[in-house]
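**Student:** If you're matching them up, the sequences are chains A and B in order.
Note that this note's numbering has the first sequence beginning at 1, numbered continuously upward.
Note that this note's numbering has the second sequence beginning at 205, numbered continuously upward.
Sending over a structure as structure tokens; questions will come in a sec.
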Amino acid sequence: MRRVLPLKIALVSLLIAACVTINVYFPAAAADQAADQVINKITSGAGTTPPTGYFAPAREEQSPNFLALAANGALSVLVPAAHAQGAETLNVSSPAITRITSSMAARFGELQKFFASGAVGLTKDGNIDVRDLNAVALPDRATVKRLVSEDNADRAQLYAEIAKANNHPEWEADIRKSFAKRWVATGAQPGWYYQDDSGAWKQK
Amino acid sequence: MCGGWFSPDARAVDSIVLEVRELTVAGIPVQAASVKLDVLDEQRTRLTIGADSATLADPVGTLRSLLLVCDAPVIAEPRYACDAGKLTGRGGPTGNVNMHLTAEYDIDKGTTRFSGSGLRVAGTAAKFDGLLDARGWSVRGSTGTTSVAALRKFAARWFELPADITGDGKAAVEGSARDAGQGTHIDATLKLEAVGLTNEASTIVTDNMAATARIRARLNDADTALTLDVAGRQGQVLVGPVLLDFGQNALDLTGQAVMKGDLLTIGSLQLLQKNLIDLTGSGSMNLAGETPLFSGDFKINKLEFPAAYTSYMQITLASTLLGDADMAGTLRGEVSVRDNAPVSLHVLPESLVLHDKKDRLYISKMNGDVYWTPAGVDAPYSKLSWAEGGAFGLSGGAAEIEFVARGTNFAVMKPTRLPILDGALAIDTLSMGNLGASNMEVQFKGAVEPISMTRLATVFGWPAFQGTLSANIPGVTLKDELLTFQGNVESEVFGGRVVGSNIRLQDPLGNFPQFFADVRARDLDLSLVTQTFEVGSITGRLEVDVLNLELFDWSPVSFDARLATPKGDKSRHKISARAVTSLSNVGGGGGGVVQALQGGVLRFFDEYSYDKLGITCKLRNDVCEMSGVEPAGIGYYIVKGAGIPRIDIVGNAGRVRWSQLLASIATADFGGASTQ
């Protein structure tokens, strides 16, 4: 019996150590940084460019080895709230993102004057909307409606594709929030309108 | 009762006063009237007429404390006149009366003529003149040019624009009224210039509008007859999604109607807009309920494009595929409305041209006879034909389609063939439901008749190669903007057969359509493949699997691809020196391969035998994870050689950027595979 006990203890310890907890959290800072990068490409009219070089970097280890798992498991037992954290950058250079960004950059030139006049503003949910139709000449009404509709369609697809490119489709809503915030902080020029958290329009 | 008062002065009479408690003048009740004649000197007299109140017909109403002072009265029977009087009082539409007035009464003729000027109305001075006689009365008047805001304030007691409409402009009113015992006739004209108005939502807007509206009315106890003439010559007007440009398309609207009780019967209506529309019709509006109910029948004699597109359609279609299009041609037809709901539409397009500016859709010279009825009502068959059409770069020739359009549903009624390049889309059945709604449904059964790959390759910018594309499509469904194809698309190319299955198209009409499919190719002749892509000569057979293929905006973003020599392939397996170089490049090889092939004994051989070849690529996030037919040390065989001299191509590149790989294939510029 005594000879079996150490073995049981060792087995239990091993099982405890093998319990791996990986809590993936949304990297808000990295998302903000990625948003700034994309917004800068759009507002500068450049669109995003894919990384160059024939060889892609080696893939990060996807499945940690047993010892790493065991170590991480032990850490999780000791600190249950510990998070596994990936690299602090988001991929915003997939072909889909590149195409969407280029499309938005091309449209931005047309939208800019409507932002400046206050006709169009940035919404709190990362979209744009017609804020003041009175600021739009009648012949431009259809154009504004089309531009807003097309840009919002691109924005929705952009947020989804960034989440998808980073293998976390569930991040789409968070990425949208990041973009909503960063569009106001870095994308909007002084005088442009944006919605605050209550949905009220404010002028930057 | 009346009474008089004469001065007892011993001198000549210097004033005469006549007072009347109640009297009626030309049908106008007057209370506590007085007439006083002062003899100022031998040459001059003054007539003063006063009344506590006089009640005139609307829109004037009751006037109080009326006082007419006439400094040069004319008393020369049969003529009694005041050639220069001043009338003051309170009340009426303007609140106060203070104006110059002349009047003349002719006893022999029984006529009273009058004219006034300087009457302040809506910030301007109005003038008028009139006549009273035994038959009745008439009056005419006009204002000077005033502001729309002032006129709006003045008219508020009779007619009020919605409070959220703001703006201004210039306005002037002139009109006349008469009553000769057969009802009152009114003729009023409103002239507007440079009018800019908008409601709060900015859905009703006028911009620099110039227009004239004339209304003529005949009122009697039985009914009211109305005639309306509106002319718009300048500026623009937006009403909801309709944008009218009077400068480009001058407007003339005329109508005749009779109002009896709560029913307005519109006997005739004609709407003309230059280069835009010619519409006639009639109808009625029941005003009894809370919501007026309109019924009518209209004939569209001519609707002209492109003005019809920019005026009536573009704002509504702004968020759709047709949001920015060029259109030409004309259209005519009829439309009927019952109780505010359209109940039938019959449209005949004539040489209609539609061209989406992003080249996603075009139709040329479309003619037809189209009927629409509400859901549940039988609709006649409709027919449309066109000389040319195309979508997303796939053009086709003349076609004709017969269908039924009812409610939000549409169904093709007989098999139809839509030419595509040198093939066609053969439609057996096609029906769509909930058109325009998010839950739009599509059901389709048909086939793609063989289209030559050469033509398709030209459209999509692919290298030219032989073969055909065809498909049998037993069904297509649309749900949540996902178009799902049942059945397979088949293509005969490179001497083999390519089959596309599990085909889905997300957001087909969106900015970035996403295409999903599994593609399998069997028994391809490698010599034909390599001739097409100019990578050097390879003989043998090839099988290809491109599974989980995803195209974003028609560019591949994800797939699991495998190109390999089929198992048990007995065909002749030869690979040229140039092809060795090309395949080495794909595997990450470089210029060293060329030197190797040009050195030693290898320089005596133009081609080499191989056992098998193949390459795999798992594309994700622009990175292609590459492998070959089997492992070779730390690399993988792209070509496993056979015979003497034996050449193996071993790939070393594990992860390659897809975009760079494509660019490198195009420019033959690679980073370093090796030959052994």
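All C-beta atoms in this analysis are idealised placements derived from N, C-alpha and C, irrespective of residue type, glycine included.
Using a C-beta cutoff of 8 Å, does A511 of chain B count as contacting chain A?
**Tutor:** Chain A, which has no Cβ nearer than 8 Å to the Cβ of A511 of chain B, makes this no.
**Student:** Have a look at R344 of chain B and G320 of chain B and give me their C-alpha separation to the nearest angstrom.
**Tutor:** Taking the straight line joining both Cα atoms gives about 10 Å.
**Student:** Under 8 Å, Cβ to Cβ, is there at least one residue of chain A near L682 of chain B?
**Tutor:** For L682 of chain B, the answer is no, since every Cβ of chain A falls outside 8 Å of its Cβ.
**Student:** Just the C-alpha distance for K561 of chain B and L447 of chain B, rounded to the nearest angstrom, thanks.
**Tutor:** Those two C-alpha atoms are separated by around 21 Å.
**Student:** In chain A, which residues lie with their C-beta within 8 Å of the C-beta of V761 of chain B?
**Tutor:** Ordered by position in chain A, the residues that pass the 8 Å Cβ test against V761 of chain B are S94, P95, A96.
**Student:** Just list the residues that DSSP pairs H777 of chain B with in beta bridges.
**Tutor:** DSSP output for H777 of chain B lists no bridge partner at all.
**Student:** When you compare the CB of D154 of chain A with every CB in chain B, is at least one pair closer than 8 Å?
**Tutor:** Yes, D154 of chain A counts as interfacial toward chain B.
**Student:** Note down, in chain order, each residue of its chain lying with its Cβ closer than 6 Å to the Cβ of L78 of chain A, except the 5 sequence neighbours on either side.
**Tutor:** At L78 of chain A the pLDDT is 37, less than 50, meaning the model places this residue with poor confidence; the figure from the coordinates comes in the next sentence. Nothing meets the Cβ criterion.
**Student:** Count the other CB atoms, across all protein chains shown, that sit within 10 Å of the CB of S786 of chain B; report buried if there are 16 or more and exposed otherwise.
**Tutor:** Burial call: buried.
**Student:** Could you confirm whether any beta carbon from chain A is found closer than 8 Å to the beta carbon of G714 of chain B?
**Tutor:** Yes, contact with chain A.
**Student:** Smallest Cα separation from V574 of chain B: which of B:H559, B:V541, B:V616?
**Tutor:** Taking only the C-alpha atoms, the option nearest V574 of chain B is B:V616.
**Student:** Decide yes or no for the touch test of the stretch 769-776 of chain B against the stretch 820-832 of chain B: beta carbon pairs closer than 8 Å, at least 3 of them.
**Tutor:** No: fewer than three Cβ pairs fall under 8 Å.
**Student:** Please list, in chain order, the chain A residues whose beta carbon lies closer than 7 Å to that of I519 of chain B.
**Tutor:** Correct list: R141, A142, K145.
**Student:** Under 8 Å: do the stretch 486-495 of chain B and the stretch 503-513 of chain B share three or more Cβ pairs, one atom per stretch?
**Tutor:** Verdict: no, contact absent.
**Student:** For W362 of chain B, tell me which candidate among B:T402, B:Y309, B:P297 has the shortest Cα-Cα distance.
**Tutor:** When each option's Cα is compared against that of W362 of chain B, the closest is B:P297.
**Student:** In terms of alpha-carbon separation, which member of B:A237, B:V748, B:G400, B:V646 lies closest to G371 of chain B?
**Tutor:** It is B:G400.
**Student:** Around the Cβ of Q189 of chain A, are there at least 16 other Cβ atoms within 10 angstroms (buried) or fewer (exposed)?
**Tutor:** With fewer than 16 other Cβ atoms within 10 Å, it is exposed.
**Student:** Select from the stretch 434-449 of chain B all residues with a C-beta closer than 7 Å to any C-beta belonging to chain A, and list them in chain order.
**Tutor:** So the list reads Q440, L442, L447, given in the order they occur along the chain.
**Student:** Under the assumption that A351 of chain B contacts K331 of chain B (Cβ atoms under 8 Å), give the Cβ distance between them as a whole number of angstroms.
**Tutor:** The sequence shown places Ser at residue 351 of chain B, not Ala. No, S351 of chain B and K331 of chain B are not in contact; Cβ-Cβ is about 19 Å, not under 8 Å.
**Student:** Should E150 of chain A go down as buried or exposed, given a rule of 16 or more other Cβ atoms within 10 Å for buried?
**Tutor:** Under this definition E150 of chain A is a buried residue.
**Student:** In chain order, what residues of the same chain lie with their CB nearer than 6 Å to the CB of G451 of chain B, ignoring the 5 residues before and after it?
**Tutor:** Contacts found: Q438.
**Student:** Determine, for V409 of chain B, whether the minimum Cβ-Cβ distance to residues of chain A falls below 8 Å.
**Tutor:** Cβ-Cβ to chain A under 8 Å: yes for V409 of chain B.
**Student:** Where does I257 of chain B sit, in a helix, a strand or coil, going by DSSP?
**Tutor:** For the sequence presented, residue 257 of chain B should be read as Ser rather than Ile. Three-state result, S257 of chain B: strand.
**Student:** How big is the Cα-Cα spacing for Y812 of chain B and R859 of chain B?
**Tutor:** The straight-line gap from Cα to Cα measures roughly 28 Å.
**Student:** Leaving out five residues on either side along the sequence, give the residues of the same chain with a beta carbon under 6 Å from the beta carbon of L755 of chain B.
**Tutor:** So the list reads F719, once near-sequence residues are dropped.
**Student:** On the DSSP bridge assignment, give the partners of S321 of chain B in chain order.
**Tutor:** In the DSSP output, where bridge partners are listed per residue, S321 of chain B has B:H304.
**Student:** How about S196 of chain B and E378 of chain B: do their beta carbons lie closer than 8 Å?
**Tutor:** Beyond the ends of chain B as shown, which are 205 and 880, falls residue 196 of chain B; an answer cannot be given.
**Student:** Can at least three beta-carbon pairs, one atom from the stretch 529-548 of chain B and one from the stretch 168-183 of chain A, be found at a separation below 8 Å?
**Tutor:** No: fewer than three Cβ pairs fall under 8 Å.
**Student:** For E364 of chain B, which three-state DSSP category applies?
**Tutor:** Of the three classes helix, strand and coil, the one that applies to E364 of chain B here is coil, per DSSP.
**Student:** Looking at V557 of chain B and L535 of chain B, is the spacing between their C-beta atoms short of 8 Å?
**Tutor:** Cβ atoms of L535 of chain B and V557 of chain B: not closer than 8 Å.
**Student:** Return the first residue and the last residue of the beta strand (DSSP E) that S635 of chain B is part of.
**Tutor:** Its beta strand (DSSP E) spans residues 627-637.
**Student:** Tell me, which residues are paired with K506 of chain B by DSSP?
**Tutor:** B:D482, per the DSSP bridge assignment.
**Student:** To the nearest whole angstrom, what separates the beta carbons of I311 of chain B and P282 of chain B, a pair I think is in contact under 8 Å?
**Tutor:** Right, the Cβ-Cβ distance comes to about 4 Å (below 8 Å), so this counts as a contact.
**Student:** Give the straight-line distance between the Cα atoms of A384 of chain B and G340 of chain B, rounded to the nearest whole angstrom.
**Tutor:** Between A384 of chain B and G340 of chain B, the C-alpha separation is close to 4 Å.
**Student:** Assuming Q440 of chain B contacts L138 of chain A (C-beta within less than 8 Å), just tell me the rounded distance between them.
**Tutor:** Right, the Cβ-Cβ distance comes to about 5 Å (below 8 Å), so this counts as a contact.
**Student:** Examine chain A for any beta-carbon lying closer than 8 Å to the beta-carbon of A872 of chain B, and answer yes or no.
**Tutor:** Since pLDDT at A872 of chain B reaches only 47, below the 50 mark, its modelled position is unreliable, and no value is offered.
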